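When the sequence shown is numbered by the numbering used here, its final residue is 243 and no position is left out of the sequence of numbers.
Glycine included, C-beta positions come from ideal geometry on N, C-alpha and C.
Since the structure is predicted, the reported quantities are computational estimates derived from the model, not experimental observations.
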Amino acid sequence: MSERHLTDIPLTIAGKNYTSRLLVGTGKYRDLEETRLAIEASGAQIVTVAIRRTNIGQDPEQSNLLDAISTDKYTILPNTAGCYTAADAVRTCRLARELLGGHTLVKLEVLGDEKTLFPDITATLEAAEILIKEGFQVMVYTNDDPIMAKRFEELGCVAVMPLAAPIGSGLGIRNPLNILTIVENAHVPILVDAGVGTASDAAIAMELGCDGVLMNTAIAAAKQPLLMATAMKKAIEAGREAY
Numbered sequence: 001m002s003e004r005h006l007t008d009i010p011l012t013i014a015g016k017n018y019t020s021r022l023l024v025g026t027g028k029y030r031d032l033e034e035t036r037l038a039i040e041a042s043g044a045q046i047v048t049v050a051i052r053r054t055n056i057g058q059d060p061e062q063s064n065l066l067d068a069i070s071t072d073k074y075t076i077l078p079n080t081a082g083c084y085t086a087a088d089a090v091r092t093c094r095l096a097r098e099l100l101g102g103h104t105l106v107k108l109e110v111l112g113d114e115k116t117l118f119p120d121i122t123a124t125l126e127a128a129e130i131l132i133k134e135g136f137q138v139m140v141y142t143n144d145d146p147i148m149a150k151r152f153e154e155l156g157c158v159a160v161m162p163l164a165a166p167i168g169s170g171l172g173i174r175n176p177l178n179i180l181t182i183v184e185n186a187h188v189p190i191l192v193d194a195g196v197g198t199a200s201d202a203a204i205a206m207e208l209g210c211d212g213v214l215m216n217t218a219i220a221a222a223k224q225p226l227l228m229a230t231a232m233k234k235a236i237e238a239g240r241e242a243y
């Protein structure tokens with residue numbers, strides 16, 4: 001391409017530009033201070049929060065994540081982790097919008113299996129359609145089926161987030177051909193979500209042309225989360241440059 005490097009091109013989601021292509025979660029850390037430090041070390045600008053599991057104002061008697069993670073510094077991405085029906089996912093997104101003062105960017109997950117945490121695609125489609133009609137900007141967790149990825153894009157999702165492997169498994173990208181096909185057919189950002197366990201996994205996702213990677217367990221469950229956060233930041237950058 002021209003003299004402009006790929007690393008200079010921002011990640012654009014729902015009309016907003018980001019220089020970091022690493023998105024991180026907030027679960028499984030020892031405490032809020034470790035959460036804050038790891039997120040800072042990762043360089044991430046988008047931080048996803050499980051609304052059903054994390055206090056962001058629902059309970060005034062408990063520690064509030066937003067006291068550690070400033071909404072002035074980070075884009076908070078509420079997610080519907082733990083939802084197994086379209087109705088539950090929609091209710092959770094509505095609650096997030098209320099708690100965050102009208103915030104409409106959400107990560108939609110509707111799970112179909114408690115063991116693998118694979119998505120229920122039929123229910124996810126149903127929820128996505130409702131949320132988009134209500135004005136939400138939906139980033140959708142889905143399987144690695146290129147046909148379904150295209151369906152979600154056509155429905156109006158602002159980003160499609162295919163799994164690399166089961167959530168929390170750390171197995172890496174099990175089907176790189178499908179991920180590559182999704183990337184090649186997409187006109188919205190494609191971000192690998194779930195299953196990235198190592199820095200090399202993150203680099204491979206970026207080398208395939210993905211626009212970004214979302215991870216949580218790989219960093220939070222590491223022996224040294226801050227060091228792993230830095231490693232993942234570098235891996236994302238290296239994979240993008242290699243691409």
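- In the structure shown, ASN216 adopts coil according to DSSP, grouped into three states.
- In this structure, the beta-carbon distance from ARG21 to GLY168 does not fall below 7 Å.
- Excluding residues up to 5 positions away in sequence, ALA149, LYS150, GLU153, VAL160 lie with their Cβ nearer than 8 Å to the Cβ of ALA186 in the same chain.
- In the DSSP assignment, ASP193 falls within the beta strand (DSSP E) that extends over 191-193.
- By the beta-carbon neighbour count (other beta carbons within 10 angstroms, threshold 16), ASN216 is buried.
- When secondary structure is reduced to three states using DSSP, VAL110 falls in the coil class, being assigned neither helix nor strand.
- As the crow flies, the alpha-carbon of THR142 is around 30 Å from that of ASP59.
- In the assembly as shown, LEU108 is a buried residue. Its beta-carbon has 16 or more other beta-carbons within 10 Å.
- One Cα belongs to THR85, the other to THR48, and the distance between them is close to 20 Å.
- Assignment of beta-bridge partners to LYS16 by DSSP yields ILE13.
- The straight-line gap separating the alpha-carbon atoms of LEU177 and GLN62 is approximately 45 Å.
- In the DSSP assignment, ILE46 falls outside any alpha helix (DSSP H) and within the unbroken beta strand (DSSP E) covering 46-50.
- The C-beta distance from ASP144 to ILE179 rounds to 6 Å, short enough to meet the 8 Å contact threshold.
- The closest CA to that of ASP113, considering only ASP88, LYS133, ALA50, CYS83, is found on CYS83.
- For a cut-off of 8 Å, the C-beta gap from ALA194 to MET232 is around 15 Å, too long to register as a contact.
- Counting along the chain, PRO78 sits inside the beta strand (DSSP E) bounded by residues 75-79.
- When the beta-carbon positions are compared, VAL188 and ALA205 stay at least 7 Å from each other.
- Assigned with DSSP and collapsed to three states, PRO166 falls in coil, not helix or strand.
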